[in-house]
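Contents: one structure, followed by commentary.
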Amino acid sequence: MITPQLIDPKSIAVVGASDDVQKPGGKSLFNVKNGTFQGKIYAVNPKKAEVQGIKAYKEVSELPQTDLAILAIPATLCVPAVKVLVEQKETKAIIVLSAGFSEMGAEGKRLEQEMARLADEHDATLIGPNCIGVMNPLHQSVFTTPIPKLQWDGATLISSSGATCVFIMESALSKGLPFSAVYSVGNAAHTCVEDVLEYVNETYGTERSPRTVLMYIESIKKPEKFLKNASELIAKGCRIAAVKSGTSDAGGRAAASHTGAMLNSDMAVDALFRKAGIIRCTSRGELTAVGAVLQHPELTGKRIGIITHAGGPAVMLTDVLSNGGMDVPHLPEEVMAPLLPELFEGSSVANPVDILSTGTAEQLNKCLEFCDNLDVIDGIVVIFGSPGLFSNADAYAVIRKQQKKSKKPIYTVLPSIINAKKEMDDFVTEGGVFFEDEAVLGNALLKESAYIPPCTETDPVLPNVAAIRELLGKHKGLVPTDEGMKLLDLMGIKRPINRIVNGEADALQAAKDLGFPLVMKVVGPAHKSDVGGVILNVSTMDDVKANFHKLNAIPNATGVELCQMEYGLEVFIGVKKEPGFGHLITCGLGGIFIEVLKDIQYALAPVHPSEALRMIRSLKSYKMIRGVRGKEGINEEVFVDAICKVSALLSAMPEIEEMDLNPLMGHGDHLAAVDIVIRL
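In my numbering, the protein residues as written are 102 to 781.
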């Protein structure tokens, strides 16, 4: 919960205030006093009557009523201070800058928990500990620099780490990116990233709403809350980009299925971001570059027009965009002919539009106006530096004027960070956002162009839910193969006719009933192929007899399965339950191809038809699924249907921990599950 007092306090107290601005208590008081805050400022210092010209109180208990308190005192003193503030001073917002809590061990964790309990009991918001603070256009309650440009329609930055928060702001300032608010949650003892996201969502639509949200996340404590608020925010028109650090490797983890061994918690984060519609970034620089792109009007297509006075950067940008799947379309001579007479001889208008190094601000203006009216491009990039011979002020003023009135987003690459520094500073002062490097912009545009909005389809539903729960409800751990086959029937997923036997005579009778050729498999071990437990193309009774004894002798065998041979392409569908996140569903080529190719796609359940189709089409092996070189593929709609049925099963049976349908074999409209592994 974020209280109003954290956003718009009428009074702020700095506990641990100092005259030394190289200390957190000194710098935070300095920032509050010299920033935009218009309310009452109090200081607490037991040794001084005045700090930085502000009356100082010796104890927290001596303070008047205080909306927001900033604590810059030793960790051991924080709990008593919080207790007095919430119980006696009606304080509803507390920022704990101090370190020395859970990062130091069990006692520090206990202190955190006690502060969080006090905040909960008195309906207060506690930020931190071990953070840099909070700032917005109304107050800058932080102990760090820089203080970025703060305006309500800027980007909201939410960061787990205080130091990383500062580094992100520095990167953003180099691009002119403005902020609406900055929240550093630190150890998140009481208020985590998800809580701040919830506040932004619940208050979205007011004059204080950000255009974008940028996040640096070290842990997601409440995935469901995160997903709900992120997807709702995006549906309202806000755009979100995030870095999630701390990836996890599942290597060495015991798993009953191929899927369980392959998937890890970072894949769950990746799937969560895709589900919500969040653009995932991998670095601070990429986060702020994407943030700078998102501060522009939304790019509605993938066709980019480039206007430049330097050929090299334009070619490099073209390479980045074209190789990444965007388009720098050739502009026909007959379309561009009216523009050419306005430019110096030797200029090119084919796209990139090159006005030469001698090109003027007036010519740049005409190019921008001309390209803004072209239906064949969706966005414009201007690359304009300086050789140091003359000022770029007029050219940069033209760009800002056109950005304000253009129907399309206009992105700016200003590479002359020394020769045109003053003009670039003026460009930012006038509200401009720019990029120093065309490749950085190009990669950020690729991130935006790959964005997929959250799915709004109805969750898939299975018939026979009661029967499925009755079938599986009596099991724990691995489900017997024969029960798994019954489950496939209840789900409506095709399978070959099979028989599980425990004696030689039963095996021979089953072979007679089923007909040849047959597949014989051991029952019991989860990974049958690994123990030599799958024998194909069994075509005689003698083979049945010999293979029965061979398979039955495998350690942990509980029987032998005979089933009709399927043919066609092998694919698989897998499930793994990731704690806190729910079920990950994955698909790809099946059989041994899983381990060999590692070509898989995954999504967070529930998976809808459009998401399943996107998973299939994103596989590197998609051409094989469609059919290649005369080999029949599988109808992708049949594959989609099977994935959605598995997704619906998870809603009916959330107790499922792992599941493999591997392989499913198919051709055309036929797709049958040859084997199933389920662990509850």
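Note that beta-carbon positions come from the ideal geometry of N, C-alpha and C, so glycine has one too.
Where THR226 falls: helix, strand or coil (DSSP):
strand
C-alpha gap between SER487 and VAL534, whole angstroms:
18 Å
From PRO707, PRO414, LYS732, ALA774, residue whose alpha carbon lies closest to that of ILE754:
A small fix is needed here, since residue 754 is Met in this sequence, not Ile. It is PRO707 whose Cα lies nearest to the Cα of MET754.
Three-state secondary structure (DSSP) of GLY392
helix
As a quick exercise: from PRO442, LYS505, LEU440, PHE536, pick the residue whose alpha carbon is nearest that of PHE485.
PHE536
Residues bridged to MET621 by DSSP?
ILE636, LEU663
Are ARG312 and ALA377 close, meaning C-beta to C-beta below 8 Å?
no
Below 8 Å between beta carbons: does that hold for ILE757 and LEU781?
yes
Spatial neighbours of ALA114 within its chain, please: CB distance less than 6 Å, with the 5 preceding and 5 following residues excluded, ordered by chain position.
TYR143, LEU164, THR167, ALA170
Any idea if PRO279 is buried or exposed, counting beta-carbon neighbours within 10 angstroms, 16 or more meaning buried?
buried
Buried or exposed for LEU685, please, with buried defined as at least 16 other CB atoms from any protein chain shown within 10 angstroms of its CB.
buried
Under 8 Å, with one C-beta from each stretch per pair, do the stretch 387-399 and the stretch 258-276 reach the 3-pair mark?
yes
CB LEU198 to CB GLY154, shorter than 8 Å?
no
Contact check, ALA225 vs LYS193 under 8 Å by CB: the rounded distance?
5 Å
ASN237 and LEU227 closer than 8 Å at C-beta
no
Along the alpha helix (DSSP H) that carries PHE327, what are the first and last residues, could you check?
324-336
What's the call for ARG340, buried or exposed, on a 16-neighbour Cβ count within 10 Å?
buried
Note down the Cα distance separating SER119 from ASP254, rounded to an integer number of angstroms.
34 Å
By a C-beta neighbour count over all protein chains shown, 10 Å radius and 16 as the cutoff for buried, is GLY352 buried or exposed?
In this prediction, GLY352 scores a pLDDT of 39, lower than 50, which makes its location untrustworthy; the coordinate-derived value is nonetheless stated afterwards. Classification of GLY352: exposed, given that the 10 Å Cβ count is below 16.
Tell me whether ALA706 sits in a helix, a strand or coil according to DSSP, three-state version.
coil
Taking all protein chains shown into account, decide if THR401 is buried (16 or more other Cβ within 10 angstroms of its Cβ) or exposed.
exposed
Inter-residue spacing [alpha-carbon to alpha-carbon] between GLN610 and SER320:
57 Å
Roughly how many angstroms separate the alpha carbons of LEU68 and VAL775, rounded to a whole number?
No statement about residue 68 is possible, as the shown extent of the chain runs from 102 to 781 and does not include it.
Just curious, the alpha helix (DSSP H) that HIS650 is in, first and last residue?
642-653
Residues in its own chain within less than 6 Å of GLY660 by CB, not counting five upstream and five downstream?
ILE601, ASN603, VAL624
Quick one: what does DSSP say THR257 is sitting in, helix, strand or coil?
strand
Cβ-Cβ separation, ILE318 to ALA343 (assumed contact under 8 Å), whole Å:
6 Å
Taking the continuous beta strand (DSSP E) assigned at ASN763, which residues delimit it?
759-768
Suppose you measure from the CA of MET270 to the CA of VAL314; what does that come to, to the nearest Å?
13 Å
Does THR292 come out as helix, strand or coil in the three-state DSSP assignment?
coil
Which residue from LYS345, PRO433, ARG211 puts its Cα closest to that of ALA451?
PRO433
CB-CB under 7 Å to PRO110, same chain, minus the five flanking residues each way: which ones, in chain order?
GLY140, ASP168, LEU169, ALA194, HIS240
Limits of the beta strand (DSSP E) - the one that TYR668 falls within
First-last for TYR668: undefined, no H or E at that position.
The beta strand (DSSP E) that contains ALA773, what's its start and end?
771-774
ALA144 lies in the alpha helix (DSSP H); which residues open and close that run?
From DSSP, ALA144 is part of no alpha helix (DSSP H) but of the beta strand (DSSP E) over 141-145.
Quick one: is GLN123 buried, meaning 16 or more other Cβ sit within 10 Å of its Cβ, or exposed?
exposed
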